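Enquirer: Quick one: the structure is below, questions incoming.
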Amino acid sequence: MKYIAEFRGGALARTLARSIAAAVRPERRYSFMEFCGGHTHAISRYGLADLLPANVRMVHGPGCPVCVLPIGRIDLAIALALERGAMLCSYGDTLRVPASGGLSLLKAKARGADVRMVYSTLDALQLAREHPEREVVFFAIGFETTTPPTALAILQAQAEGLANFSVLCCHVLTPAAISHILESPEVRQWGTVPIDGFIGPAHVSTVIGSRPYEFFAEEYRKPVVIAGFEPLDVMQAIRMLVRQVNEGRCEVENEFARAVTREGNVKAQDRVAQVFELRREFEWRGLSVVPYSALRIRGDYAAFDAERRFGLQYRSVPDNKACECGAILRGVKRPQDCRLFGTVCTPDNPVGSCMVSSEGACAAHYGYGRYKDMATSDG
Ligand code: SF4
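Numbering-wise (my numbering), the sequence shown opens with residue 762 and increments by one.
The structure is reproduced here in structure tokens:
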């Protein structure tokens, strides 16, 4: 398949691995955070960690949309479906994220709630058209990649006068999460996160462009390489980061030049700005409350805002005490550090959010068996 097969070649991967091995300085360690779960998935699936020199370590970041969704937000969605009679629509993985009382949206469905899996916001709009007598709520999650379709759905609902459609908006922002990881006082609670540079997400960057990352490179002196999600993309990004570190450069480089520009998708940005505004604060699973890290629906579109429409009040709910998702999402622990990993907690029975989606660090490690040898080889 064009633009996929040629980025998965084993021979080229080995060439890149040799090039990285030749570039690293034996006397130092290199720690790079792959912000996005898509990169975590690629690293696990293709065994990229095994191709890297021992002194290059990849650290998981919080860029998995369902992983960072706090329990309190899922509780709101469940309450809408179970107690307010709404038809609740969302993307597949969202339905399996553990919430309060042993519930998830799927388990709420088993108790009689009308919960629907949709593939896009268009499906949710169609359900609203087909069921004018029902309140149809789209539970909107995700980073900047999924935000423009939600904005367009709200504009479309307004244009059509779909009075029974609303959105429970839980869209979050990548740059705010990276800043938080670098400067949050809570990080000290978990220990220092040694990060020499970031691999930035490709799909998010097609929307926001590469420019927002320039702040980290300048302010925090951290190199950023925006990379695609195929194994050669990731290997190439690591090579670029190693070179920046060796040369003392802290720049934003774009490995995914086939789709990402500095400016991004300006039309999509305009639609998002038209419909959404910054929230003062938003709780992330694992990162706690992060200022100006999420979006809410502007007052002009209040009729489509499920929080206003149903008078919802957010309540913070602590995670399961035994679950290490918080530390994993901050990059200071790895899935195999959790004593529930692979025993009590599996993809069929996720205790924490990192075991739900294939982009979650725990699910990626479990699914591709990397933990088996890592458990004995990690120092
Ligand atoms: S293995 Fe399960 S319980 Fe442990 S950190 Fe991962 S998701 Fe949480």
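Note that CB positions come from ideal geometry on N, CA and C, so glycine has one too.
Note that this is a predicted model, so its numbers are computed, not measured.
For chain C, is any of its Cβ atoms less than 8 angstroms away from the one on Ser-1049?
Expert: Given the protein chain composition of this structure (a single chain), no chain C is represented.
Enquirer: Specify, as a first and last residue, the run of the beta strand (DSSP E) that Leu-1048 falls within.
Expert: Neither: Leu-1048 is in no beta strand (DSSP E) and is coded neither H nor E.
Enquirer: To which residues of the same chain is Arg-818 closer than 6 angstroms at the C-beta, ignoring the five residues directly before and after it?
Expert: Answer for Arg-818: Ser-792, listed in chain order.
Enquirer: Going along the chain, which residues of its own chain have a beta-carbon closer than 6 angstroms to the beta-carbon of Val-820, five neighbours each way excluded?
Expert: Closer than 6 angstroms at Cβ, skipping near neighbours: Ser-792, Met-794 and Gly-1092.
Enquirer: Let's test the definition: count the other Cβ atoms within 10 Å of the Cβ of Pro-831 and tell me whether it reaches 16, buried, or not, exposed.
Expert: So Pro-831 ends up on the buried side.
Enquirer: Is it the case that the CB of Leu-1101 approaches a heavy atom of the ligand SF4 more closely than 7 angstroms?
Expert: Under cutoff, so the answer is yes.
Enquirer: Among all the DSSP beta bridges, which residues are the ones paired with Pro-984?
Expert: Paired residues: none, contrary to the question.
Enquirer: How is the beta strand (DSSP E) around Tyr-791 delimited, first residue to last?
Expert: Segment 791 to 797, the beta strand (DSSP E) holding Tyr-791.
Enquirer: With DSSP as the reference, label Ile-902 as helix, strand or coil.
Expert: Note: Ile-902 maps to strand in three-state DSSP.
Enquirer: Here's the rule I'm using: 16 or more other beta-carbon atoms within 10 Å means buried, otherwise exposed. How should Val-1027 be labelled?
Expert: Classification for Val-1027: exposed.
Enquirer: Within a Cβ cutoff of 6 angstroms, which residues of the same chain sit near Ala-885, ignoring the five residues on either side of it in sequence?
Expert: Excluding residues within five positions, the ones whose Cβ falls inside 6 angstroms are Cys-850, Val-879 and Phe-899.
Enquirer: With DSSP run on the structure shown, which of helix, strand or coil describes Arg-775?
Expert: The answer is helix: DSSP assigns Arg-775 an H, G or I state.
Enquirer: Can you tell me whether Val-1112 sits near the ligand SF4, meaning its C-beta is under 7 angstroms from at least one heavy atom of the ligand?
Expert: Under cutoff, so the answer is yes.
Enquirer: Confirm the yes/no value for this check: CB of Glu-1120, any heavy atom of the ligand GTP, distance under 7 angstroms.
Expert: As for the ligand GTP, it is missing from this structure, which binds only the ligand SF4.
Enquirer: So, with DSSP's three-state summary, where would you put Arg-834?
Expert: Of the three classes helix, strand and coil, the one that applies to Arg-834 here is helix, per DSSP.
Enquirer: What are the residues that DSSP puts in a beta bridge with Arg-818?
Expert: Note: Arg-818 sits in a beta bridge opposite Ser-792.
Enquirer: Is any heavy atom of the ligand SF4 found at a distance shorter than 7 angstroms from the C-beta of Glu-975?
Expert: No, the ligand SF4 has no heavy atom inside 7 angstroms of this Cβ.
Enquirer: Check this for me: beta carbons of Ser-1114 and Val-858, under 8 angstroms apart or not?
Expert: Yes, these two residues count as a Cβ contact at 8 angstroms.
Enquirer: In chain order, which beta strand (DSSP E) runs of at least 3 residues are fully inside the segment 911 to 943?
Expert: Listed in chain order, they are 926 to 932.
Enquirer: Below 8 angstroms on the Cβ atoms is my guess for Phe-768 versus Glu-991; work out the distance and round it to an integer in Å.
Expert: 3 angstroms between Cβ atoms; contact.
Enquirer: Mind checking whether Val-986 and Ala-998 have CB atoms under 8 angstroms apart?
Expert: Yes, these two residues count as a Cβ contact at 8 angstroms.
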